[in-house]
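A.B. asks: Residue numbers (our numbering): -6 to 291.
1. Could you spell out where the alpha helix (DSSP H) holding residue 185 opens and where it closes?
2. Is the separation between the beta-carbon of residue 104 and that of residue 82 shorter than 8 Å?
3. Determine whether the beta carbon atoms of residue 253 and residue 231 lie at a separation below 8 Å.
4. Look up residue 39 in the DSSP assignment and say whether it is helix, strand or coil.
5. Could you name the residues of the same chain whose beta carbon sits closer than 7 Å to that of residue 72, not counting the 5 residues immediately before and after it, in chain order?
6. If you follow the alpha helix (DSSP H) that residue 110 is part of, which residue opens it and which one closes it?
7. Residues in its own chain within less than 7 Å of residue 293 by CB, not counting five upstream and five downstream?
8. Give me the Cβ distance between residue 100 and residue 111, rounded to the nearest whole Å; I'm assuming they're in contact under 8 Å.
9. On a CA-only basis, which of 245, 275, 259, 155 is nearest residue 266? Give me that one, please.
10. Whole angstroms are fine: how far does the CA of residue 224 sit from the CA of residue 240?
11. By DSSP, does residue 47 sit in helix, in strand, or in coil?
12. Express the C-alpha separation of residue 36 and residue 46 in angstroms, rounding to a whole number.
13. Is residue 237 buried or exposed, if buried means 16 or more other CB atoms sit within 10 Å of its CB?
14. Identify, in the order they occur along the chain, each residue of the same chain with its Cβ nearer than 6 Å to the Cβ of residue 183, setting aside the five sequence neighbours on each side.
15. Go through its chain and collect everything with a Cβ distance to residue 27's Cβ below 8 Å, but skip five positions before and after it.
16. Output needed for residue 233: all residues of its chain with C-beta closer than 7 Å, excluding positions within five of it in sequence on either side, in chain order.
17. Measuring only the C-alpha atoms, how far is residue 156 from residue 138?
18. By how many angstroms is the C-alpha of residue 188 removed from the C-alpha of residue 102?
19. Kindly list the residues whose CB is nearer than 8 Å to the CB of residue 130, restricted to its own chain and excluding five residues on each side of it in sequence; keep chain order.
20. So, residue 256 versus residue 245, is the Cβ gap smaller than 8 Å?
21. Using a threshold of 8 Å, state whether the C-beta atoms of residue 197 and residue 181 are closer than that.
22. Considering just the uninterrupted stretch of the alpha helix (DSSP H) at residue 224, what are its terminal residues?
23. Residue 15: buried (16+ other C-beta within 10 angstroms of its C-beta) or exposed?
24. Kindly list the residues whose CB is nearer than 6 Å to the CB of residue 97, restricted to its own chain and excluding five residues on each side of it in sequence; keep chain order.
25. How far does the alpha helix (DSSP H) with residue 285 in it reach, from first residue to last?
26. Taking 8 Å as the threshold (beta carbon to beta carbon), is residue 228 in contact with chain D?
27. Taking only three categories from DSSP, how would you classify residue 122?
28. Out of curiosity, what's the CA-to-CA distance linking residue 55 and residue 172?
29. Could you say which of 277, 250, 251, 108 lies nearest to residue 262 if we only look at CA atoms?
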């Protein structure tokens, strides 16, 4: 810890003059009579040696990194983990190699662990359920995510008091409190629209600018043209009569995961799709679109 402060306040040349450190101690005693970090607006974390220029930032760091018990952060996304093993497993998801494909719904999984969890869902191997709504889950972790997002917003920003349903969302939000944070904006080259992720920008282009060159997937059975591989796979499953996604409440099956997600809202009463003009809420995006056209586009 002493060396940490010396690096900040003592000339490196003076330090190197005495390899044994005796000269360094004398320099330190001469320059600073009392080791009082707050006197110089330096607040080191006692757990990881990271240094902050305000007590507020130190408190936020300790709460979000150490108190949350997830000190291992992914360098490519805001996710963090309790142990290095979890981080190593997660990092594989950023690599397209070694993907495992489900032979039921054709979804590709990045690790054997995630593949096993995925198969539990197909096989209805539920291990726990939500006490508030009765929904069943394949793991305790999935139950916790559900509880945090559906029944409470457990992730609190200590800077402004905003609450979020996932740590990923909180971590992304915390970056906005950093004075050096620059939000990346992905702009559409065809219009004035802008997006927070490249994925959303591509979705916008495929939906609204169909004249843009893109790879197409043509179904040999009906001739329909699909704009990406995932849509093509789902389309083929539809020809085979497959409906791999089953509702935990009523047993109804669906071809697409999103359709199941919207259907669940009819059981839970959740209406996450809100009209920006009159604030009326809907369980699915389609009724919202019809509402906007009928009520606000006259």
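C-beta: ideal position from N, C-alpha, C; glycine also.
As the structure is a prediction and not an experimental result, all values here were calculated from the model.
C.D. replies: Taking the coordinates as given:
1. Within the chain shown, the letter at position 192 stands for residue 185. Neither: residue 185 is in no alpha helix (DSSP H) and is coded neither H nor E.
2. Here the question's residue 104 lines up with position 111 in the chain shown. Here the question's residue 82 lines up with position 89 in the chain shown. Yes.
3. If you number the chain shown from 1, residue 253 lands on position 260. If you number the chain shown from 1, residue 231 lands on position 238. The Cβ atoms of residue 253 and residue 231 do not sit closer than 8 Å to each other.
4. Reading the chain shown from its first residue, position 46 is the one you call residue 39. Residue 39: coil per DSSP, three-state reduction.
5. Locating residue 72 in the chain shown gives position 79, counting from the first residue. Only 83, 161 meet the Cβ criterion.
6. Indexing the chain shown from 1 puts residue 110 at position 117. Run containing residue 110: 105 to 115, per the alpha helix (DSSP H) assignment.
7. Beyond the ends of the chain as shown, which are -6 and 291, falls residue 293; an answer cannot be given.
8. Walking along the chain shown from the start, residue 100 turns up at place 107. Walking along the chain shown from the start, residue 111 turns up at place 118. That belief holds up - the Cβ atoms of residue 100 and residue 111 are roughly 7 Å apart, short of 8 Å.
9. As a working mapping, residue 266 is identified with position 273 in the chain shown. It is 275 whose Cα lies nearest to the Cα of residue 266.
10. Reading the chain shown from its first residue, position 247 is the one you call residue 240. Reading the chain shown from its first residue, position 231 is the one you call residue 224. One C-alpha to the other measures close to 21 Å.
11. Counting from 1 along the chain shown, the entry for residue 47 is found at position 54. In this structure, residue 47 counts as coil in the three-state DSSP scheme.
12. Position 53 of the chain shown, counted from the first residue, corresponds to residue 46. Position 43 of the chain shown, counted from the first residue, corresponds to residue 36. Rounded to the nearest angstrom, the two C-alpha atoms are 6 Å apart.
13. Taking the first residue of the chain shown as 1, we reach residue 237 at position 244. Residue environment: residue 237 is assigned as buried (16 or more neighbouring CB atoms within 10 Å of its CB, all protein chains considered).
14. For the purposes of this step, residue 183 is taken as residue 190 along the chain shown, with counting starting at 1. Same-chain partners within the cutoff: 202.
15. Sequence index remark: in the chain shown, residue 27 carries index 34 (1-based). Unreliable positioning characterises residue 27 in this predicted model, as indicated by a pLDDT of 38, which lies under 50. The coordinate reading is nonetheless provided below. So no residue of the chain qualifies.
16. Within the chain shown, the letter at position 240 stands for residue 233. So the list is empty, once near-sequence residues are dropped.
17. The residue labelled residue 156 in the question sits at position 163 within the chain shown. The residue labelled residue 138 in the question sits at position 145 within the chain shown. Straight-line Cα distance between these residues: approximately 14 Å.
18. By 1-based counting over the chain shown, the position of residue 102 is 109. By 1-based counting over the chain shown, the position of residue 188 is 195. Straight-line spacing of the CA atoms in residue 102 and residue 188 works out to 27 Å.
19. Counted from its first residue, the chain shown places residue 130 at position 137. If we look at residue 130 and ignore the five residues flanking it on each side, its Cβ neighbours are 119, 120, 121, 122, 123, 136, 139.
20. Sequence index remark: in the chain shown, residue 256 carries index 263 (1-based). Sequence index remark: in the chain shown, residue 245 carries index 252 (1-based). Residue 245 is positioned such that its CB atom lies closer than 8 Å to that of residue 256.
21. As a first step, residue 197 must be located in the chain shown, where it is residue number 204. As a first step, residue 181 must be located in the chain shown, where it is residue number 188. For residue 197 and residue 181, yes; Cβs fall inside 8 Å.
22. Indexing the chain shown from 1 puts residue 224 at position 231. Run containing residue 224: 222 to 232, per the alpha helix (DSSP H) assignment.
23. As a first step, residue 15 is located in the chain shown; it is residue number 22 there, counting from the start. Here the model assigns residue 15 a pLDDT of 48, short of 50, so the residue's position is not dependable and the matter cannot be decided.
24. As a working note, residue 97 is residue 104 in the chain shown. Excluding residues within five positions, the ones whose Cβ falls inside 6 Å are 115, 237.
25. Numbered from 1 along the chain shown, position 292 holds the residue referred to as residue 285. Element bounds for residue 285: 278 to 289.
26. Looking at the structure shown, chain D is missing, and only one protein chain is on hand.
27. Along the chain shown, one-based indexing puts residue 122 at 129. It is a strand residue.
28. For this step, residue 55 is matched to residue 62 along the chain shown. For this step, residue 172 is matched to residue 179 along the chain shown. Each residue's alpha carbon lies about 19 Å from the other.
29. As a working mapping, residue 262 is identified with position 269 in the chain shown. Ranked by how close their Cα comes to the Cα of residue 262, the residues 277, 250, 251, 108 have 277 in first place.
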